[in-house]
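In full-length UniProt numbering, the protein residues as written are 1 to 501.
Every residue gets a Cβ at the ideal spot worked out from N, C-alpha and C, and that includes glycine.
Since we're looking at a predicted model, the values are computed, not measured.
Down below is the structure, laid out as structure tokens.
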């Protein structure tokens, strides 16, 4: 009864408050929602496009290559958030970086939809990853800057970010439904073209509001988002940009020519992301600007970091391994209608939308009596790993052998784990950040997602839907390892807390 009252109150607040937010906030929420609409829509059908045969409109890759490539692509998206942050801070400013990201997304989606062979895939995905990384970082920066003005209360700011998150989740539900139907009814390239058109619509709406949004901002905020906060010389920026573009072109060529395989690309990105995370942590830990108490805080963050990586490694198999499973095992027939396999990717955001407010209500009621952040994230990993175990009795069956409710239960369990691990991990990262390195330390949260996604791609190469025993073993090992990691990180967090306190 209390939860229903809480839900009704929040619904009324959301409806009345949305139009009271600045135009800049509404424009950012709009373009981020359209970007996520196109992103999740494209990602929902990408795996099938990679491994379906040419006669069925695909590229004919092996399923293991397709799932590895999905993981590598996801890792690249999160890595590109760092490039976006650097360009926003040092070269263009956040608002211009956002517009550049949107432009790259449109071009990338169009290339993917219009150029069919491997070169189109490599170039399209690279541009989409860059555009998504640029836009994601810049959107959060602009949104935060608007709310730094004195006229906005903490409650007003929190509501704005809730709208931002809500837009992402609604887009994550709708995107796969649209592109999945188009890919099944027409072709994959029609689905990709729809993603491009969605991004064009989002960019058009943002462009129409852009001038008014900037004019409405205070002078200090407008200057903050339009100009780089720590500019570098034009020569230095051009040199670094040229080196970055050259490196990306070399990777695209290596993938196109078959020098760099899907599996090796996932391993390569996994190595880069782990190295970056270790380098950042060691640098901040050893810095003279970090106090002894802050060093203890960094040590206490390590189990949280490891648990977050483990969770995202499970969660991001939704777009690879579980996408294949939905295609080859799931009974997708409802009342004589067989829905596209891509539609199953809308289940997770539906569950997250449904459960996030009741769980937020629970944490609010518990207050200081609730579990610590490390405990919540460890629970999230344990719960997330349990989702894979649900599939073991049905693994290795023939086509249509797994009931829809079983897969839905597996995804529901993982979604519950996400609500424990995702937002709590973000908050814990901010809490443990040293004062001198708050922005850089926050980057570690994106690195947990990048490492987890690359890891998902790397281990998915061992998934074999053609072998019943291999499929069962895969779900058993992944689920059990996640549960063990969750338990170990919880124990480690308790011991570190005692040592450093």
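Residue of the options minimising C-alpha distance to residue i
| i | options | result |
| --- | --- | --- |
| residue 67 | 57, 44, 82, 81 | 44 |
| residue 504 | 312, 307, 75 | Nothing can be reported for residue 504: it is not among the residues displayed for the chain, which extend from 1 to 501. |
| residue 455 | 494, 283, 341, 272 | 272 |
| residue 41 | 80, 90, 380, 172 | 172 |
| residue 352 | 362, 375, 411, 387 | 411 |
| residue 86 | 137, 64, 77 | 137 |
| residue 88 | 104, 142, 75 | 142 |
| residue 314 | 231, 63, 144, 451 | 451 |
| residue 121 | 182, 256, 217, 216 | 256 |
| residue 165 | 429, 357, 438, 336 | 357 |
| residue 254 | 238, 365, 364, 123 | 123 |
| residue 470 | 458, 392, 486, 90 | 392 |
| residue 221 | 259, 95, 301 | 95 |
| residue 407 | 322, 102, 436 | 322 |
| residue 195 | 250, 270, 215, 113 | 113 |
| residue 176 | 268, 270, 350, 215 | 350 |
| residue 475 | 431, 435, 396, 51 | 396 |
| residue 229 | 432, 91, 174 | 91 |
| residue 174 | 365, 266, 347 | 347 |
| residue 328 | 39, 226, 48, 30 | 48 |
Residues that DSSP places opposite residue i in a beta bridge
| i | result |
| --- | --- |
| residue 330 | 402 |
| residue 337 | 334 |
Residues of its chain near residue i, where Cβ-Cβ distance is below 7 angstroms and the 5 sequence neighbours each way are ignored
| i | result |
| --- | --- |
| residue 334 | none |
| residue 150 | In this predicted model, residue 150 has a pLDDT of only 47, less than 50, meaning its place in the structure is not dependable enough to derive any value. |
| residue 503 | This structure does not reach residue 503, given that the chain is present from 1 up to 501, and the question cannot be answered. |
| residue 201 | 34 |
| residue 425 | 304, 308, 377, 445, 448 |
Simplified DSSP state of residue i, which is helix, strand or coil
| i | result |
| --- | --- |
| residue 466 | coil |
| residue 530 | Summary: the structure shown does not reach residue 530, with the chain confined to residues 1 through 501, and so no result is reported for it. |
| residue 176 | helix |
| residue 321 | helix |
| residue 482 | helix |
| residue 284 | helix |
| residue 391 | coil |
| residue 150 | Low local confidence applies: a pLDDT of 47 at residue 150 is under 50, so the model's placement there is unreliable, with the coordinate-based value given in what follows. If DSSP states are grouped into helix, strand and coil, residue 150 belongs with coil. |
| residue 396 | coil |
| residue 141 | helix |
| residue 308 | helix |
| residue 61 | coil |
| residue 370 | coil |
| residue 291 | coil |
| residue 473 | helix |
| residue 301 | helix |
| residue 53 | coil |
| residue 434 | coil |
Other residues of its chain near residue i: CB distance less than 6 angstroms, five sequence neighbours each side excluded
| i | result |
| --- | --- |
| residue 80 | 129, 130, 133 |
| residue 212 | 23 |
| residue 262 | 65, 68, 69 |
| residue 417 | 380, 383, 384 |
| residue 387 | 410, 413, 414 |
| residue 260 | 254 |
| residue 60 | 53, 54 |
| residue 464 | 470 |
| residue 294 | 434 |
| residue 183 | 45, 191 |
Close beta carbons around residue i, own chain, < 8 angstroms, minus the five adjacent residues each side
| i | result |
| --- | --- |
| residue 331 | 400, 401, 402, 403, 404 |
| residue 126 | 76, 108, 248, 251, 252 |
Contiguous alpha helix (DSSP H) assignments of at least 4 residues, all confined to the segment 196-269
If we require 4 residues or more, the alpha helix (DSSP H) runs fully inside the segment 196-269 come out as 219-226, 234-256.
Of all the alpha helix (DSSP H) runs that stay within the bounds of the segment 69-143, which reach a length of 4 or more residues?
94-114
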